[in-house]
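Right, one structure below, let's go through it.
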Amino acid sequence: MKSLKNLKEMNFRNNKWQEKFNLREIILIGSLLLIALLYIYLELLIFPLSAEINDKQSESTMLTEELDQMRMTANQLPQLEENYDGLKNELEEQEESFYPSNKQEFFINTLEDIAFNETNLSVPSINFSETSIAEEYSEGLYRTEITFDYVSDYDSIKDLISLLEKKEEKVKITSLIMTEESVDQQYSGTIALEFYSVPREFDYEWPVEILEPDDERVINQNIFHRDRELWAHINSEEQLEDNTSQPTSSSQDFTGTEDNNTTNAGKISPSSNQTSSDHSESVVHVAEEGETFEDLSLLYYGKPDYGIFLRELNAYDENEILDEGSEIDIPSVIYLRDK
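Each residue of the sequence shown is one higher than the one before, starting from 1179 at the first, in my numbering.
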């Protein structure tokens, strides 16, 4: 009875729908509902997944290309390393044609090697210009102009020019002025040089063996041996006391650059009244503002290398700037006859 009643109710409902919609309309509505569900499914699930898949495919393609490029580079690596080594060696060879420093102290030593120790030029002064970039070549290449007065015979001038021409490093004579003196066939004048440098790390030591004990220019053998010892072993003040010897007369030395970029030869101390015949074993220097031990080394010895020796001798701390007005002991150095 109950099932019969339910069947009647369903028939009643179907009849009610059939009264509102016909079969074609019901099929159309069902199709529209199905399409809407399919669209929502595609929009919310399929399309995002498809976009993500495309992105992954693009990324995979790009990574594959990068991998192929890396494999190609890896295959070329031995050749690239060989090319790099070749270029590096070529660059080092090119750098060898330029000086490794643009410091004035370096060029003072270089000039002593080239001109003052190998020829008979007497050089009363040296002037340095400000170091500048040699723009006509490339950045990183520096040009230093040096001008010095000289008094010499004609053969010594020729020797100097010959020595400069033989130098592997790039140095150029920009000016040479010669005036013949009225006596002794001597010439005086001015020489202007241009040194080209590529600053880089290098090992440069002032040649200790530039003079031998039997060199005719060495006046006092004791002082010569003492200073060679101090040069090699700068350890303590006691070593100076153990090796101290008596001074000699007559000397020639080249001082370092001062504030006006001028180097004067033939000075043992800054005092104007001190001569080669009356100077003592040591000089007491009164420090001026901003002076360093390297400045004093250049001033009294013509080389910056004695700075550490002067500092240890005077029991100074590691601070290189001297206290203004402090008294610094300057011992004598190698004394040479005029060349």
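We treat Cβ as the ideally placed atom computed from N, Cα and C, and that holds for glycine. All values derive from a computational prediction rather than experimental measurement.
According to the DSSP secondary-structure assignment, K1350 is paired through a beta bridge with E1372. Taking C-beta atoms under 8 angstroms as the contact rule, L1500 and E1469 qualify, at a distance of about 5 angstroms. By the Cβ test, the stretch 1364-1380 is in contact with the stretch 1315-1334, since at least three Cβ pairs between them sit closer than 8 angstroms.
Contact between the stretch 1327-1336 and the stretch 1358-1368 is present: 3 or more CB-CB pairs across the two stretches fall below 8 angstroms. Here D1501 carries a coil assignment [DSSP, helix/strand/coil]. Contact check for P1278 and R1378: beta-carbon distance about 5 angstroms, within the 8 angstroms limit, so the pair qualifies.
In the DSSP annotation of this structure, the continuous segment of the alpha helix (DSSP H) that includes Y1219 starts and ends at 1201-1219.
Residues of the same chain with a CB within less than 7 angstroms of the CB of N1492, apart from the 5 flanking positions on each side, are I1506, D1507 in chain order.
Excluding five sequence positions before and after Y1478, the CB atoms of its chain that fall closer than 6 angstroms to its own CB belong to I1508, given in chain order. Rounded to the nearest whole angstrom, the CA to CA distance from F1487 to L1476 is 13 angstroms.
Residue pairing from DSSP places V1461 in a beta bridge opposite I1508.
A direct Cα-Cα distance of roughly 35 angstroms separates E1259 from K1281. Assignment of D1263 by DSSP, reduced to helix, strand and coil, places it in the helix class. Burial check for I1335: the Cβ neighbour count within 10 Å reaches 16 or more, so the residue is buried. The Cβ atoms of L1299 and L1354 lie no closer than 8 angstroms to each other. Burial of V1349 is indicated by the presence of at least 16 other C-beta atoms within 10 angstroms of its C-beta. Counted as a single uninterrupted DSSP element, the beta strand (DSSP E) harbouring I1304 occupies residues 1303-1306.
In the three-state reduction of the DSSP assignment, G1485 falls in the helix class. Within 10 angstroms of the beta-carbon of F1306 lie 16 or more other beta-carbons, which makes it buried. Here Y1494 carries a coil assignment [DSSP, helix/strand/coil]. Looking at G1503, L1201, D1333, the one whose alpha-carbon comes closest to that of M1356 is D1333. When rounded, the separation of the alpha-carbon atoms in Y1262 and T1242 is 28 angstroms. Scanning its chain for C-beta atoms nearer than 6 angstroms, with the 5 sequence neighbours on each side dropped, one finds no residue around T1251. If you draw a straight line from the Cα of E1268 to the Cα of T1297, it comes to about 34 angstroms.
In the displayed model, E1358 falls within a strand according to three-state DSSP. Contact between E1466 and E1498 fails: their C-beta atoms lie close to 14 angstroms from each other, not under 8 angstroms. Distances from the CA of T1352 to each of E1358, F1276, E1343 were compared; the closest alpha carbon is that of E1343.
Under the DSSP assignment, F1326 falls in the beta strand (DSSP E) whose first and last residues are 1320-1331. Secondary structure of T1470 (DSSP, three-state): strand.
DSSP places Q1364 in the strand class (E or B) of the three-state scheme. For T1297, there is no enclosing alpha helix (DSSP H), since its DSSP letter is neither H nor E. Under the DSSP assignment, E1283 falls in the alpha helix (DSSP H) whose first and last residues are 1282-1289.
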